[in-house]
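**Student:** Below is a structure I'd like to ask you about.
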Amino acid sequence: MSKPIRLLILCSMGMTSGILCKKVTDAAVHRRIQLVAEASGVAHFRFKAKEADAVLLEPQVRHLIKELGPIAIQHHIPLEPIDPVAFATMNGEKVLNQVLSMLRRHAAEQWDS
């Protein structure tokens with residue numbers, strides 16, 4: 001049994017990200033992908049980064065990517081803004097696809113380094 005993907009979704013306070021976590025988790029279960037999604041506010045990122053395999057920023061906090069980027073780099077995890085259409089429609093399948101793509105790109109970058 002492989003280890004589940006640990007996804008952290010960040011928003012300003014961690015409330016709207018909770019809804020999206022549920023949608024992404026449902027999409028993962030449907031596709032038989034082991035995933036644990038957690039919602040959090042950006043203020044807690046530095047404490048939660050070590051527990052994540054991938055991090056997504058909701059649209060209302062995407063402007064903080066330059067501030068949060070060094071923390072992600074320090075922990076060797078990919079960090080991206082969530083696709084705004086996927087967020088607006090709460091499309092868990094589309095967000096799951098984004099996460100899987102992020103992880104593939106990150107793995108390839110690590111391999112190339």
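In case it helps, the UniProt record's numbering puts the sequence shown at residues 1 to 113. Ideal Cβ placement from N, Cα and C applies to all residues, glycine included.
Measuring only the C-alpha atoms, how far is Leu-100 from Lys-66?
**Tutor:** Locating residue 100 in the sequence shown gives position 100, where the first residue counts as 1. Locating residue 66 in the sequence shown gives position 66, where the first residue counts as 1. Spanning the two alpha carbons is a distance of roughly 22 angstroms.
**Student:** State the Cα-Cα distance for the pair Leu-8 and Arg-62, rounded to the nearest angstrom.
**Tutor:** Your numbering for residue 8 matches position 8 in the sequence shown. Your numbering for residue 62 matches position 62 in the sequence shown. Rounded to the nearest angstrom, the two C-alpha atoms are 14 angstroms apart.
**Student:** Let me know the secondary structure DSSP gives Ile-5 once reduced to three states.
**Tutor:** Numbered from 1 along the sequence shown, position 5 holds the residue referred to as residue 5. Strand, per DSSP.
**Student:** The beta strand (DSSP E) that contains Pro-81, what's its start and end?
**Tutor:** Within the sequence shown, numbered from 1, the residue matching residue 81 stands at position 81. That run of the beta strand (DSSP E) goes 79-81.
**Student:** Distance check for Ser-12 and Leu-103, CA to CA, integer angstroms please.
**Tutor:** Translated into the one-based positions of the sequence shown, residue 103 becomes position 103. Translated into the one-based positions of the sequence shown, residue 12 becomes position 12. So the alpha carbons of these two residues sit roughly 24 angstroms apart.
**Student:** Pick out the complete alpha helix (DSSP H) segments inside the UniProt domain "PTS EIIB type-3" (4-109), 4 residues or longer, and give them in chain order.
**Tutor:** Counting only runs of 4 or more, we get 16-30, 45-48, 65-74 and 84-89.
**Student:** Is it true that the CB of Leu-79 sits closer than 7 angstroms to the CB of Ala-28?
**Tutor:** Sequence index remark: in the sequence shown, residue 28 carries index 28 (1-based). Sequence index remark: in the sequence shown, residue 79 carries index 79 (1-based). Result no, Cβ atoms of Ala-28 and Leu-79 do not sit closer than 7 angstroms.
**Student:** Exposed or buried, what is Ser-2 when buried is set at 16 or more other beta-carbons lying within 10 Å of its beta-carbon?
**Tutor:** If you number the sequence shown from 1, residue 2 lands on position 2. The residue in question, Ser-2, is exposed, as its Cβ has fewer than 16 Cβ neighbours within 10 Å.
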